[in-house]
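Numbering (the working numbering), first residue to last: 161 to 790.
Listed below in structure tokens is the structure:
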């Protein structure tokens, strides 16, 4: 008898475990404006579903007495606001993730900050979510941050939104107020393309309509919040059925095995299936679908596997294995939506790293088509982007990448931009489509190359880049260097900042944006001249390290020589024959380098020339001998 009971108990345990293994998972976020009750809502959900352990509950009660805002009552917000700064200020700063489950479903919830300053953190939380709970304070209604977060929710492809009208207890559970807020939000959602909006009146603090319908709102006949989360069927918009697998790692444990590890972003992989490796386009067939538990007959989207191919073809991390019958596109120019996340503004032309899937490439924002007003959805002209601004931009990459529009595939359509110097993430974006011109423009092979052009001139092409403050002596020294090289029979050309602005760059001003474009154009011209076999001398203030680094990367190793004309600002002002510093000091010239526009000193210049204690002639002679080997 005891044995039968043990078998029954084991069967019940096995059935219980099987039930929980097969439950669906819903990822959702809470977002909205400051103090709308996002953290309180999550804390109340965890508390009322009895998913807190005794020690967690005891700690919450203790924290509520020390840091809480509800008197003797439990402050549920403290359950997810774990940072000291969050508790001191009573706000959410970072994204807090919590896992919980009910008999019907498993959940991962991200509590996102409401402050505009931390919008970047909210976007991080939303990037993996299937559903968004947008909280609105019933007293305040729709605020700017509510609209901003809703726009980001739409931008990141979340098509299911719960409008949680919170703090209904503070407006006496007014149906009229609830209906007013819901009508306004549905209008906003329609303009953003959010089709599925479920509106629920709540009091997260009191627990009204959280787990079950509240008698305080007899006029509301819908689902409670938890019921809606358990029952909602989330289907991503768009999508592709064909195989897409970004290669994360080339697995080669021994000389007999070479496989490509990754997680299927879409479609199905099975042995014998013809595939193409992108962007190269090389084709082969899948030989095996390998996992830690053995080979599979097929693998589906979301599974992590190792694919072996029938042929030894070149594929590396960042490539995409796709169905040969329906391959993904590859391009190096895109239209994309961008959320700027850095305190320093985005300036078109400045180089960044772009990470898309498992691939990292060089990238530039070549043009800001327009920025978007999050309140009105109006398209506004812009030359740069400030923190938390959203815009439609054109992107240029230094090599093609395989991609899908974000609406079809999140993994292959989402990207981040990374600052090359600090490695900080400065932007997140979604790819809309490849620019047509990328497919129409191809490199044309030329029979006469740089080496041939240099050989006939009996010299080594170089770009000697002079940088320094206005009045430092750049043009004077560059002119002397060119004269000496000419006397030696060298073929040269001097690009001077003032002279170029009379022609090539006469349309540019002196804002930070125009300075970046100024250097970008000059660097490209200098590259062409070096390709012609010339020694090109470039004399520009070029105040920003990022643009000088961009110029350097256009040239082969050893071709670019950065020369820093190190002249103190006081000495440069004394030499001010044009009177520019005096006018800048008087406020007559705006954006003047060294006065009201910064100059970033080179950190690793090949040559540093100190002008305070030497003549221009001597410095020019020194440069010719030391750098050019002449």
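Note that CB positions come from ideal geometry on N, CA and C, so glycine has one too.
Would you mind giving the Cβ-Cβ distance between residue 627 and residue 708, rounded to the nearest angstrom? I have them listed as a contact below 8 angstroms.
6 angstroms
Write down the C-beta distance between residue 592 and residue 586 rounded to the nearest angstrom, noting that I regard them as a contact closer than 8 angstroms.
The Cβ separation is near 20 angstroms, so there is no contact.
If distances are taken between C-alpha atoms only, which option among 615, 532 and 749 comes closest to residue 695?
615
Taking only three categories from DSSP, how would you classify residue 694?
coil
Is it true that the CB of residue 334 sits closer than 8 angstroms to the CB of residue 407?
no
Can you tell me whether residue 304 is buried or exposed, with buried defined as 16 or more other CB within 10 angstroms of its CB?
exposed
Pairwise C-alpha distance: residue 619 and residue 654:
16 angstroms
Which residues mark the beginning and the end of the alpha helix (DSSP H) in which residue 310 is found?
304-315
Alpha-carbon spacing of residue 433 relative to residue 403, whole angstroms:
10 angstroms
Any idea what DSSP makes of residue 513, helix, strand or coil?
strand
Let me know if residue 607 comes out buried or exposed under the rule of 16 or more other beta-carbons within 10 Å of its beta-carbon.
exposed
Going by other Cβ atoms of all chains shown within 10 Å of its Cβ, with 16 needed for buried, is residue 718 buried or exposed?
exposed
Three-way DSSP call (helix, strand, coil) for residue 776 in this model:
helix
Whose C-beta lies closer than 6 angstroms to the C-beta of residue 715 among residues of the same chain, with five residues either side of it excluded?
623
Buried or exposed: where does residue 241 fall if 16 or more other Cβ atoms within 10 Å of its Cβ makes it buried?
Any reading at residue 241 is ruled out, since the residue's pLDDT is 45, under 50, leaving its predicted position unreliable.
Cβ neighbour criterion (16 or more within 10 Å) applied to residue 553:
buried
To the nearest angstrom, report how far apart residue 761 and residue 588 are at their CA atoms.
29 angstroms
Taking the alpha carbon of residue 345 as the reference point, which residue from 296, 329, 312 and 317 has its own alpha carbon closest?
296
Sufficient close CB pairs (3 or more, under 8 angstroms) joining the segment 186-205 to the segment 282-300
yes
Measure the C-alpha to C-alpha separation of residue 650 and residue 617 and round it to an integer number of angstroms.
8 angstroms
Using a Cβ-Cβ cutoff of less than 7 angstroms, which residues in the same chain neighbour residue 392 once the five nearest sequence positions on both sides are dropped?
291 and 320
Taking DSSP as the reference, what is the three-state secondary structure of residue 783?
helix
Does DSSP put residue 383 in a helix, in a strand, or in coil?
coil
Less than 8 angstroms between the beta carbons of residue 721 and residue 767, yes or no?
yes
Going by the beta-carbon positions, is the gap between residue 514 and residue 557 smaller than 8 angstroms?
yes
Taking the alpha carbon of residue 448 as the reference point, which residue from 302, 418 and 503 has its own alpha carbon closest?
418
Contact between the segment 687-705 and the segment 749-763: three or more CB pairs below 8 angstroms?
yes
Would you kindly report the start and end of the unbroken beta strand (DSSP E) that includes residue 531?
519-532
Straight-line CA distance for residue 420 to residue 468?
6 angstroms
So who's on the other strand from residue 266, going by DSSP bridges?
185 and 261
Whole angstroms are fine: how far does the CA of residue 488 sit from the CA of residue 693?
40 angstroms
At the level of alpha carbons, what is the spacing between residue 710 and residue 495?
22 angstroms
Please report the Cβ distance between residue 286 and residue 313, rounded to the nearest whole angstrom; I am assuming they are in contact, meaning their Cβ atoms lie under 8 angstroms.
6 angstroms
Does the distance from the C-beta atom of residue 699 to that of residue 726 stay below 8 angstroms?
no
Rounded C-alpha distance that separates residue 374 from residue 204
15 angstroms
Please confirm if the segment 527-537 is in contact with the segment 468-484, defined as three or more CB-CB distances below 8 angstroms between the two stretches.
no
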